[in-house]
Structures are given as C-alpha cells and as structure tokens.
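Asker:
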Amino acid sequence: AQSVTQLGSHVSVSEGALVLLRCNYSSSVPPYLFWYVQYPNQGLQLLLKYTTGATLVKGINGFEAEFKKSETSFHLTKPSAHMSDAAEYFCAVSRSGSARQLTFGSGTQLTVLP
Amino acid sequence: GAGVSQSPSNKVTEKGKDVELRCDPISGHTALYWYRQRLGQGLEFLIYFQGNSAPDKSGLPSDRFSAERTGESVSTLTIQRTQQEDSAVYLCASSPGGQSGYTFGSGTRLTVV
Chain A
1 AQSVTQLGSH
11 VSVSEGALVL
21 LRCNYSSSVP
31 PYLFWYVQYP
41 NQGLQLLLKY
51 TTGATLVKGI
61 NGFEAEFKKS
71 ETSFHLTKPS
81 AHMSDAAEYF
91 CAVSRSGSAR
101 QLTFGSGTQL
111 TVLP
Chain B
115 GAGVSQSPSN
125 KVTEKGKDVE
135 LRCDPISGHT
145 ALYWYRQRLG
155 QGLEFLIYFQ
165 GNSAPDKSGL
175 PSDRFSAERT
185 GESVSTLTIQ
195 RTQQEDSAVY
205 LCASSPGGQS
215 GYTFGSGTRL
225 TVV
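If you read the sequences in order, they're chains A and B. Quick note: the first sequence, position 46, residue 46 per our numbering, numbers continuous. Quick note: the second sequence, position 56, residue 170 per our numbering, numbers continuous.
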C-alpha cells in the first residue's frame, strides 16, 4: 500500500520569498515520486520526478525537490516565489518496478502575495 | 496531437442521464489512466489501461461507471444514471509506460443538476 500526505492545503508566501511545500509518503517498496502543478482551468503538468539516482531533483520553473528516505519526505522548494507560481501543487507516489497508477496527495494551493 | 485531448471540456447533464467522456492519448502511449477530481479534493484513481492487458478497474466507484479503450487509441468513460455526487473534473492521462511520468489532459468538468 502507498499513500501521500501533503501538509497544508493552503500556503501563502510573498513574492520573492522561499516556497516550501511539504510532502510525506508511505510505501512498502522503494517509491517513485512526482510533483505536478495545476494552473486554473488546466490539466496537471509534471514539475519534476524522482526515480533513482541523485536525491536532489531539479524541475521546471526553478523548482526542486529532495528525496529523503530517512524522513520519507519529498518536499518541493523554490528559492524565490513569482506571481506566476500561484497554482495548486500535487505530490504523487508510484511503486517502483510497476507501471501502476499514481497515488496523489490532496494538493496544496499556493498563493503568492505582491 | 501533441498532448492528451479530452472532450467535451464542459458537460452539464440532468440527474439520471448517461454521459460519455472521451480521451485521445498521445500517440504511442501504451498506458492510459482516468482520474476524478472533486472540488477541493485530490485526484482519485478510477481505471488504468496498459496495452492489450485487462484494465485495472479497481478505482471505479460503482457499476454505473465503465470505460473502454480500443488498443492504444481513444478511451471513453461512461457514467450511467448520473447522480449529483458524480459532479467533478474527470482527468485523463497517458504515459509511454514504465515510470516516465504521465501527461494529463485538461479534463472534462461534469456538472449534474
């Protein structure tokens, strides 16, 4: 079984401030981890993914995430928020070695204040 | 096409009517997924197709829900005798397989009145 917990359904940051969106997972096998972003009235867009190898993963739009096995976490960060980052962000986990469905977290709505 | 295409983008239907939602995956993507996103909630897995294998239907919430896919092409999700709780955005995603990540369509917003 696998599950994903995103702490904080809503996060607000000022423009230029650090963005930190939290994601913890549980998985009975080594996980594959993903972050997706959903802009209003659009589908989900892949930000970044961790499969194997380097635990610090860089994605699009200046986002990055670090896989920490000891903490079962995959938090998403960006050093400096931009107004265009306002969106909903979803963390997801999939079991490695198995092309099965992703399990998504409930999402975090990011608001960027001017 | 370049992306996953879903139609219609919006659908309003009366309670008790049947609806059919369509998904055109990216050409060559062997895996296709349907998810449901209710207002203010995360994505809920519905069904998964992989090539010509039997689909994984473990996420379908009731027997009113069914989906078909012919080979590696278009998929349709059918909801019979719609209920108000079926109101949601239905998202389709396709993948080349493995752990490549999925490409999502922009969804169909279904409203049952």
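Built from N, CA and C at the ideal position, the CB exists for glycine as well.
Which chain B residues sit within Cβ distance under 9 angstroms of residue 26/A?
Answerer: Result: empty, since nearest Cβ-Cβ is about 15 angstroms, beyond 9 angstroms.
Asker: Interface residues of chain B around residue 90/A at Cβ under 8 angstroms?
Answerer: 156, 157
Asker: If distances are taken between C-alpha atoms only, which option among 156/B, 146/B, 157/B, 126/B comes closest to residue 167/B?
Answerer: 146/B
Asker: Curious, which full-length beta strand (DSSP E) runs of at least 3 residues does the stretch 41 to 86 of chain A contain?
Answerer: 44 to 50, 56 to 58, 64 to 68, 73 to 78
Asker: Within 10 angstroms of its Cβ, does residue 152/B collect 16 or more other Cβ (buried), or is it exposed?
Answerer: Burial call: exposed.
Asker: Can you look up residue 200/B in the DSSP assignment and give me helix, strand or coil?
Answerer: Correct three-state label for residue 200/B: helix.
Asker: Tell me which residues share the same chain as residue 99/A and place their Cβ nearer than 6 angstroms to its Cβ, disregarding the 5 neighbours each side in the sequence.
Answerer: Per-residue confidence for residue 99/A stands at a pLDDT of 43, beneath the threshold of 50, marking its modelled position as unreliable; no derived number is given.
Asker: Please go through the same chain and pick out, in chain order, the residues whose beta-carbon is closer than 8 angstroms to the beta-carbon of residue 169/B, but skip the five residues on each side of it.
Answerer: 161, 162, 163, 181, 183
Asker: Is any beta-carbon of chain B found at less than 7 angstroms from that of residue 12/A?
Answerer: no
Asker: Have a look at residue 5/A and residue 106/A and give me their C-alpha separation to the nearest angstrom.
Answerer: 7 angstroms
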